[in-house]
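Each residue of the sequence shown is one higher than the last, beginning at 1200 in the working numbering.
Note that beta-carbon positions come from the ideal geometry of N, C-alpha and C, so glycine has one too.
This structure is a prediction, so every number in the text was calculated from the model and none was measured.
The structure appears right after this line, and notes come after that.
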Amino acid sequence: MSFAGGRPDLMDDFTSEISARDDISLSGNFRCSDSIVSLAETLQPRKPEMSAVGEDRDYDFQPVWRQSATPFSGLEDYFLPEVEARGIDWGECAILAPNFYILCAIAPRLRDMGIPLIGPGARPYKKSNHLIASLAEEMCSYIEYSDPRMIRTIRRRTREIIENCESRWNPKLFTFNGDLAIARIAALARRLRDDNPLVRVFLEKFASECASIMIDHELLVESSRKLLEDSSASM
């Protein structure tokens, strides 16, 4: 059995502490109908296959396949109108995704539409406690959509980090030097996404290596590194 939460090491410690078995696969899905589970298996196959075992397993509503350019356009064009047409409360809806990067990317846009959320990217973070959060969130959006218009927001989030760490404005951010730093941070985010499926690991490495890049380009001083690293740990 594996645990897909933010701290799988804690689950490993707990398993050892109570001498639990770790050779059992939990394949029962208690939330979805058999139709949804069967469709999910075609998108992301599992071994053993997931099976619907909850009280709604025989619910006869059939899932509908919709192709969209991006996850958010699929939500905006198909999912949200369908939810409203059926009179379903937002709190009764769930958005499923194969990784947290996609959820972090769509969460800010759903927030802007006034839709209440629970989950990755659901709430804006206080700058004082989570310096790296807003930049990481924007980078997750950028590496999913590759929309060059997002660079402006990424630069703004980088500026906020500099101002919160050092209480000053750094004009180098708005030069070629700053452009290069942002390009390196974007490349870093892509690499970490491919290498680290766990959000905790992603945030820790992103904060540390992002600090190194910003220091290399003289956007931050060395003493600010710990502020970024601590901000990821506090999340």
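Asked, Found
"Using the Cα positions of ILE1360 and SER1232, report the straight-line distance between them to the nearest angstrom.", "45 Å"
"Threshold first: 3 residues or longer. Then list the beta strand (DSSP E) segments lying entirely within the region 1276-1359, N to C.", "none"
"Tell me, please, which residues DSSP counts as bridged to ASN1228.", "ALA1251"
"Please report how far the alpha carbon of SER1397 lies from the alpha carbon of ALA1388, in whole angstroms.", "The question names Ser, but residue 1397 in the sequence shown is Leu. Rounded to the nearest angstrom, the two C-alpha atoms are 13 Å apart."
"Measure the C-alpha to C-alpha separation of SER1345 and LEU1426 and round it to an integer number of angstroms.", "28 Å"
"Would you kindly check if the distance between the Cβ of ILE1331 and the Cβ of SER1422 is under 8 Å?", "no"
"Near CYS1364, which residues of its chain fall below 8 Å by C-beta distance, leaving aside the five closest residues on each side in sequence?", "LEU1330, LEU1419, SER1423, LEU1426, LEU1427"
"Between ARG1308 and LEU1316, is the Cβ-Cβ spacing less than 8 Å?", "no"
"Nearest CA to the CA of ARG1230: which residue from ALA1296, LEU1209, GLN1243, ARG1256?", "ARG1256"
"Does the separation of the CB atoms of ALA1303 and GLU1275 fall below 8 Å?", "Reading off the sequence shown, one finds Cys at residue 1303, where the question assumed Ala. The answer is no: Cβ separation not under 8 Å."
"Rounded to a whole number of angstroms, what is the C-alpha to C-alpha distance between LEU1391 and ILE1412?", "14 Å"
"Can you give me the C-alpha to C-alpha distance between SER1366 and ARG1383, rounded to a whole angstrom?", "24 Å"
"Would a C-beta distance cut-off of 8 Å place ARG1265 and TYR1277 closer than the cut-off?", "yes"
"For SER1218, which of helix, strand or coil comes out of DSSP?", "coil"
"If you compare alpha carbons, which of ILE1305, SER1224, ALA1385, GLY1313 is closest to PRO1270?", "ILE1305"
"For LEU1379 versus ARG1356, is the C-beta distance shorter than 8 Å?", "no"
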